[in-house]
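**Q** In the working numbering, the protein residues as written are 21 to 242.
Okay, handing you the structure first.
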Amino acid sequence: MDMLLWLLILIIPLIASANVKGTYSKYSRGKNARGWTADQVARKILDSNGLSYVQIEHISGDLTDHYDPTANVVRLSDSVYGKTSVAAIGVAAHECGHAVQHAEEYTPIVIRSRLVPVTNFCSKASYILILLGLIFSFNTVLMNIGIFLFLGVVAFQLVTLPVEFNASDRALKTLEDEAILEDDENAKAKKVLTAAALTYVAALLTSLIQLLRLIMMSRRRN
21 MDMLLWLLIL IIPLIASANV KGTYSKYSRG KNARGWTADQ VARKILDSNG LSYVQIEHIS
81 GDLTDHYDPT ANVVRLSDSV YGKTSVAAIG VAAHECGHAV QHAEEYTPIV IRSRLVPVTN
141 FCSKASYILI LLGLIFSFNT VLMNIGIFLF LGVVAFQLVT LPVEFNASDR ALKTLEDEAI
201 LEDDENAKAK KVLTAAALTY VAALLTSLIQ LLRLIMMSRR RN
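Laid out in structure tokens, this is it:
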């Protein structure tokens, strides 16, 4: 059973990562019908939502795109900024969706933002306590405290799901309402964003399996 759980923990993220990269690669070929670039679309979406103060920056990396609420900046990676593919436009629109969420104080993203420091602490402390529990002859008290803290990581990943899916829904609605993409292009953009969202589902599932494994270890000790 332990070996099966280990394999799932290793394989699930790999499958999700391969899926998003493959899907992005598939729909990153060629231009969209109207010739928009991803950064132009991002600017249009932000301005239409009253977020003209949010800047757009080009950063290095591949799919390292993100919205930085502390600096009010949407950062688009090498594989997105200036690109005219449906995939690039979908990713840019998604990040703008996060900017709109922050501006509207969308409840799940507010909760997630507040959980960040707690999650960072829980993530580090849980593994330290679990490791100490293993070193000191499976000390169940330390292990159980570590497992309890690990629940904070799971909670963060759980609240991340509605944030990511909502950002994608906002992106797809805007692309359709603003007639930025053709109907068949919107369908392709949806496939890209769905693949990206599934990486967060995979992360949550992996953490739940890890949690199950830790609980089983603690019970065996008891």
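Every residue, glycine too, gets a C-beta built ideally from N, C-alpha and C.
Fair warning: this is a prediction, and the values are worked out from it, not measured in the lab.
1) Can you list, in chain order, the residues of its chain whose CB lies under 7 Å from that of D43, leaving out five sequence neighbours each side?
2) So the beta strand (DSSP E) L96 belongs to, where does it begin and stop?
3) Hey, how far is the Cα of D22 from the Cα of L178?
4) Determine the DSSP secondary structure at I76, reduced to helix, strand or coil.
5) On the criterion of 16 or more Cβ atoms from any shown chain inside 10 Å, does L305 qualify as buried, or is it exposed?
6) Taking DSSP's pairing of strands, which residues face Y13 in a bridge?
7) Three or more C-beta pairs closer than 8 Å, one from the region 82-90 and one from the region 113-125: is that the case here?
8) Classify R239 as helix, strand or coil using the three-state DSSP reduction.
9) May I have the straight-line CA-CA distance separating S48 from S188, to the nearest angstrom?
10) So for D59, helix, strand or coil by DSSP?
11) List the whole-angstrom C-beta distance separating L171 from Y220, where the pair is believed to meet the contact cut-off of C-beta under 8 Å.
**A** Put simply:
1) The question names Asp, yet the displayed sequence has Thr at residue 43. Correct list, in chain order: K211, V212, A215.
2) 93-96
3) About 24 Å.
4) strand
5) A question about residue 305 goes unanswered here, because the residues of the chain that appear run from 21 up to 242.
6) As displayed, the chain neither begins before 21 nor continues past 242, which places residue 13 out of reach and without an answer.
7) yes
8) helix
9) 17 Å
10) helix
11) Actually they do not touch by this definition, with Cβ atoms about 18 Å apart.
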